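Below: one structure, written as C-alpha cells.
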Amino acid sequence: MTPATATTPSLITPTELAGRLGRGEAITVLDVREGGPAAVEAETALGVRVPAAVALADPATLAARLAGPVAVVCNRGQIAQPVARALRAHGVDAAVLEGGVRGWIAALREFPVELGLDGLEVRQVQRPGRGCMSYVLAAGGRAVVVDPAPDPGFYIELARDLGARVTDVVDTHLHADHLSGARELAERAGAALRMPAASLDRGVAYADAVEPLADGDRLDLAGVELRALALPGHTTDMTGLLVADRALISGDSVFADGLARPDLERGDPAGARAMARLLHATLAERVLGLGDRIVVLPGHDHPVVRASALAPTLGEVRAAVPELSIADPDAFAEELVAELPPRPANYESVIAVNAGRRPSDPDLESGANSCATR
Amino acid sequence: MALPSPIPPELAELIAARLRAIGDPTRIQILDLLRSGELPVGEIAARLGTSQQNASRHLGVLLQAGLVARRKAGTSALFSVADESVFELCEQVCGGLEAQLAELSALVGRAR
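Keeping their order, the protein sequence lines are chains A and B. Using this note's numbering, you'd call the opening residue of the first sequence number 2 and step up by one each time. Using this note's numbering, you'd call the opening residue of the second sequence number 249 and step up by one each time.
Right, here's the structure in full:
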C-alpha cells in the first residue's frame, strides 16, 4: 500500500489505465458494480468485485485487503468516487476509472504491424474493452481505415501522425456487435465510404453514399494493392481485404484462435448451419489456400489489454483453431453450432443502426464482443 | 469491524449475501483449492471432478461476493483468493463442527 496524499490525482483515464496495464504494471481493478461480466481484462489486472454498498459499509477492512495501485470501476464513473475517496482515507492508492465501464469500452490503442512493404504503414487499432479491431493503412499520403470504431477523431489524428489523410473508409460487413464509425469518419474526413456490395443487398438506408466493393475489386494505395475478397459465412456480406498478398484483413471470418459465429444474420438452427457450411467453403476455398505465411489481421480479439499487435500467420492460426482441419462441411457446421455463446447484446438493433435503419444510441454497445464461436 | 447493534437491515442483507456465497459445498471446496495459490478454471474443474461450466458458475458467485479475484492469462482466467478472512470464518465454523462431531460420536458410542 502506498500512502496517498490529497494532491495525488484520483482519476485515471481509460487510455492511461490501458497504457499502464499494457506495460505490465500490476493494478488491482476493483469493480464496484452489482453485476455484469468482467470489465477490465489484462494479465496484470487483478479483478476484484465488491459492490459499492459493501465497500462503503466497511472501507477499512477492504483497504486492508488491497495492495498496490487500485482502479475503482463502476458503470459511469460516479459511484466509484466515494469508494475511491474512502479507500484513500485508509491509505490505499485508489483512483476512479474515468467514465467507468462506458469510458473503458470506448478506449482505443494503436500498434504497428510490420509487413515488410516499403512505404506502407499498417496500424492495428485495438479496443481492449470490447475486443474489436480496426486497421489504418497509410502510403503516399493516403490512408485507408478498415472497420473503424465510433471515434472519428482518433483515426483522423492517427492518419495525420502517419503523414496521411483518410481517403477511404471500409466496413468489412454490417457489424452486429458494435456501432460502426465508418459513416461518420468518411463524412468528417471527406473520404469515400466503401462497403461490400452484398451489405447493400441486406438493406442499407444510406446506400447512395456508399461505393460498393465487389469480390476481386482492387484499391490502389500508392502502389500497394488492396484486393476485396468475399468471405461469406459469419454474414453473407463479409468481405476481407488482401494487402499486397502479404496480409489478410479477415474481418469476422477467422480470428487468431477461433472462428466467426454463423448465427448473427440467420438465427434459426437451419439457417445457422447453412451459414456455417458457407463459412467452411470460404475457409477451404478462399482462405487456407493463401498459405501459412500470410499474416492474419482479425476483426476481433478477446477483450484484453495487449502490449503489441495481434497479427499471427495463417500457419499459427491453423495450429490454434482445430476446426480448420475438419474436412466435412456438415461435421464442421455441427461443431460450430454445438456450443455457441449468447448472441451479442442488442445485436439486431446494432445491425439496424449500422444499416441506417434506426438512429444511433451509444448505450447499445456493452461488454465484450461475442462474434466468435468461443 | 465491530458490528453495530442492532444490525441495520441493509447490513443484515449484505452479511446474508456473503454467507450465501460461501454456503455451498462446491464453493467451499473451490476456496480450499485456492488456498495453495492461483488456479485456472479448467484445473479447478478437473480437481473437483465437475464440468468447467459448473466450476465457472460457482467461481462467478465467489467473484461477485468479492471472495476470489480473477485475472486473464492468454485465453484462460486465473482465480485466486481475494479475501483471506474467509478461511478464518470457515475455521471458526469448523471448530464448532468438530466439537459437535466429537459430542455426536461420544453419544453414538454410549448408545451402543
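The beta carbon of each residue, even a glycine, is placed where N, CA and C say it ideally should be. Predicted model only: the values in this text are computed from it and were never measured.
- Put simply, of A:222, A:239 and A:225 the residue whose alpha carbon is nearest the alpha carbon of residue 216 of chain A is A:239.
- Classified as exposed, residue 302 of chain B has fewer than 16 neighbouring CB atoms from the shown chains inside 10 Å of its CB.
- Separation of residue 26 of chain A and residue 308 of chain A (C-alpha to C-alpha, rounded to the nearest whole angstrom) is 11 Å.
- Note that the C-beta distance between residue 357 of chain A and residue 136 of chain A is not below 9 Å.
- Per DSSP, the unbroken alpha helix (DSSP H) holding residue 104 of chain A starts and ends at 101 to 107.
- Following the DSSP letters along the chain, one finds residue 166 of chain A inside the beta strand (DSSP E) bounded by residues 166 to 171.
- Of all residues in the region 305 to 339 of chain B, only 311, 312, 314, 317, 318, 319, 320, 321, 323, 330 and 331 place a beta-carbon less than 7 Å from a beta-carbon of chain A.
- Identification of residues in the region 64 to 80 of chain A having a C-beta nearer than 7 Å to some C-beta of chain B yields 66, given in sequence order.
- As a beta-bridge residue in DSSP terms, residue 250 of chain A pairs with A:242 and A:298.
- Here residue 372 of chain A is buried. Its C-beta has 16 or more other C-beta atoms within 10 Å.
- Under the three-state reduction of DSSP output, residue 327 of chain A falls in the coil class, being neither helix nor strand.
- Under the 10 Å beta carbon count, residue 119 of chain A is surrounded by fewer than 16 other beta carbons and is classified as exposed.
- Considering only beta carbons, the part of the region 41 to 52 of chain A lying closer than 9 Å to chain B consists of 42, 43, 44, 45, 46, 47, 48, 49, 50, 51 and 52, in chain order.
- Under the three-state reduction of DSSP output, residue 256 of chain A falls in the coil class, being neither helix nor strand.
- As DSSP reads the structure, residue 67 of chain A sits in no beta bridge.
- By the neighbour-count criterion, in which a residue is buried when 16 or more other Cβ atoms sit within 10 angstroms of its Cβ, residue 260 of chain A is buried.
- Looking at the DSSP output, residue 309 of chain A shares a beta bridge with no other residue.
- Considering only A:175, A:170 and A:199, the residue with the shortest C-alpha distance to residue 188 of chain A is A:170.
- The beta-carbon distance between residue 317 of chain B and residue 47 of chain A, rounded to whole angstroms, is 5 Å. This is short enough to meet the 8 Å contact definition.
- For residue 364 of chain A, no alpha helix (DSSP H) segment is defined, and its DSSP state is neither H nor E.
- Put simply, the backbone Cα of residue 320 of chain A is about 10 Å away from that of residue 293 of chain A.
- Legend: CB atoms of the region 303 to 318 of chain A lying less than 7 Å from CB atoms of chain B belong to residues 303 and 305.
- Only residues of its own chain outside the window of five on either side were considered, and among them 33, 34 and 35 have a CB closer than 8 Å to the CB of residue 52 of chain A, listed in chain order.
- The Cβ of residue 262 of chain B sits closer than 9 Å to at least one Cβ of chain A.
- Taking C-beta atoms as the reference points, residue 109 of chain A and residue 152 of chain A count as a pair closer than 9 Å.
- Under the Cβ criterion of 9 Å, residue 94 of chain A is not counted among the residues facing chain B.
- As computed with DSSP, residue 48 of chain A is found in a beta bridge with A:30 and B:318.
- Between the beta-carbon of residue 192 of chain A and that of residue 168 of chain A there is about 5 Å, and that keeps the pair under the 8 Å contact cut.
- Between residue 330 of chain A and the set A:111, A:63, A:353 and A:283, the nearest pair of CA atoms involves A:283.
- In the assembly as shown, residue 283 of chain B is an exposed residue. Its beta-carbon has fewer than 16 other beta-carbons within 10 Å.
- Counting other Cβ atoms within 10 Å of its Cβ, residue 94 of chain A reaches 16 or more and is therefore classed as buried.
- Using a CB distance cut-off of 9 Å, residue 322 of chain A does not count as an interface residue toward chain B.
- In the structure shown, residue 221 of chain A adopts extended strand secondary structure according to DSSP, grouped into three states.
- Within the region 214 to 232 of chain A, no residue has its Cβ closer than 9 Å to any Cβ of chain B.
- For residue 374 of chain A, no CB of chain B lies under 9 Å from its own CB, so it is not counted at the interface with that chain.
- By the criterion of a C-beta distance shorter than 8 Å, residue 313 of chain A is surrounded in its chain by 257, 296, 297 and 321, once the five residues flanking it on both sides are discounted.
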